[in-house]
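Working notes, structure below.
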Amino acid sequence: MSRSRIDEGAHEFLRRVQILDDEYDEMRSSLAVRNNGHEILAEIHAAREREAAEAEERERIEAEERERQETAAREQREAIARSVAARRANDRAAPLDDDDPEAEYYQRKSWLV
Numbered sequence: 001m002s003r004s005r006i007d008e009g010a011h012e013f014l015r016r017v018q019i020l021d022d023e024y025d026e027m028r029s030s031l032a033v034r035n036n037g038h039e040i041l042a043e044i045h046a047a048r049e050r051e052a053a054e055a056e057e058r059e060r061i062e063a064e065e066r067e068r069q070e071t072a073a074r075e076q077r078e079a080i081a082r083s084v085a086a087r088r089a090n091d092r093a094a095p096l097d098d099d100d101p102e103a104e105y106y107q108r109k110s111w112l113v
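With UniProt numbering as the guide, the letters of the sequence shown map in order to residues 1 to 113.
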């Protein structure tokens, strides 16, 4: 290789390094102009707030669903208890009046008389 080709290659290399260096400086200055990254921090903060709000909303919806299911289960248990109580009430005959003379006959301890 001749000396001039080496010089041309070195000159081209230095020219490209200078172009890359200028682009790097331009990018750094444009980032510094944009509030030193405050915009990026604000976006991150806003995203975290959105995520927190969404998590709170999910928790609220889940709590409402649990409460609805618990209410439905409690109402079902109460309905079953009322039904059982009604059946038991219909199974037993209670005297209306303690002075009822026939009540004594039906309430005796032994039927082996």
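Virtual Cβ for every residue (Gly too), placed ideally from N, Cα, C.
Computed from a prediction, not measured in an experiment: that's the story for all the values here.
Item	Value
Using a Cβ-Cβ cut-off of 7 Å (strictly less than) and excluding sequence neighbours within five positions of M27, which residues of its own chain qualify?	none
Give every residue of the same chain whose Cβ lies closer than 6 Å to the Cβ of E49, excluding the five residues on either side of it in the sequence, and list them in chain order.	none
For E39 and E56, what's the separation of their Cα atoms in angstroms?	26 Å
Could you give the distance in angstroms between the alpha-carbon of R5 and the alpha-carbon of S29?	36 Å
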